[in-house]
Amino acid sequence: MYAIIETGGKQVWVVPGETVKVEKLEAEAGAKLTFNALWAVGESDGGQEPTYSRTAKVTATVVKQGRGPKIIVFKKRTKKAYKKKIGHRQWLTMIKIENISLN
Numbered sequence: 045m046y047a048i049i050e051t052g053g054k055q056v057w058v059v060p061g062e063t064v065k066v067e068k069l070e071a072e073a074g075a076k077l078t079f080n081a082l083w084a085v086g087e088s089d090g091g092q093e094p095t096y097s098r099t100a101k102v103t104a105t106v107v108k109q110g111r112g113p114k115i116i117v118f119k120k121r122t123k124k125a126y127k128k129k130i131g132h133r134q135w136l137t138m139i140k141i142e143n144i145s146l147n
């Protein structure tokens with residue numbers, strides 16, 4: 045079973061037991077979070093069609109808060125002695141997907 049959730053303005057494909065990095069969420073490590081699934085697909089029983097649901101709930105646990113890799117932005121104007129180097133590290137939240145429940 046898998047689902048597609050939206051968090052931080054991005055859509056994320058998740059399956060139970062998977063650990064995913066998403067944009068920073070205001071939650072402590074160990075906190076339980078619930079997401080509304082944009083789309084969820086259940087397991088198929090042999091030759092039958094899989095179950096589709098747009099009202100599924102995804103339960104996740106916050107593993108840790110952290111920062112992503114450093115991204116370097118370098119600006120330069122030729123023949124003008126203008127150079128500017130900026131670094132940025134985005135705050136991320138690592139969550140573990142516990143359960144996907146079809147309603």
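Following my numbering, the residues of the sequence shown are numbered contiguously, the last one being 147.
No residue lacks a Cβ here, since even glycine has one placed at the ideal position from N, Cα and C.
Note that the structure is predicted; figures quoted are calculated from it, not measured.
Applying the criterion that 16 or more other CB atoms from any shown protein chain within 10 Å of the CB defines a buried residue, is residue i buried or exposed?
i, result
"THR99", "exposed"
"LEU82", "exposed"
"GLY84", "The sequence given here places Ala at residue 84; Gly does not occur at that position. ALA84 is buried by the Cβ-count criterion."
"VAL102", "buried"
"THR122", "exposed"
Got a sec? Which residues, its chain only, sit under 6 Å from residue i by beta carbon, not counting five neighbours each side?
i, result
"ALA75", "VAL106"
"LEU69", "THR137"
Which first and last residues belong to the beta strand (DSSP E) in which residue i is found?
i, result
"ASN147", "Counting along the chain, ASN147 falls outside any beta strand (DSSP E), and DSSP gives it neither H nor E."
"ALA125", "Careful: ALA125 lies outside any beta strand (DSSP E) and carries neither H nor E."
Using the C-alpha atoms, what's the distance from residue j back to residue i?
i, j, result
"ILE139", "SER145", "17 Å"
"GLU62", "LYS124", "50 Å"
"LYS128", "ASN147", "53 Å"
"PHE79", "ALA104", "8 Å"
"ASN143", "VAL117", "39 Å"
"ILE48", "GLY86", "12 Å"
"ALA73", "HIS132", "24 Å"
"LYS108", "GLU93", "37 Å"
"ALA71", "LEU77", "8 Å"
Looking at the C-beta of residue i, does it have a partner C-beta in chain C at a distance below 7 Å?
i, result
"LYS65", "Absent from the structure is chain C; it holds one protein chain and no more."
Report the residue ranges of all beta strand (DSSP E) runs contained in full by the segment 59-120; include only those spanning at least 3 residues, in chain order.
Qualifying beta strand (DSSP E) stretches, in chain order: 63-67, 76-85 and 101-111.
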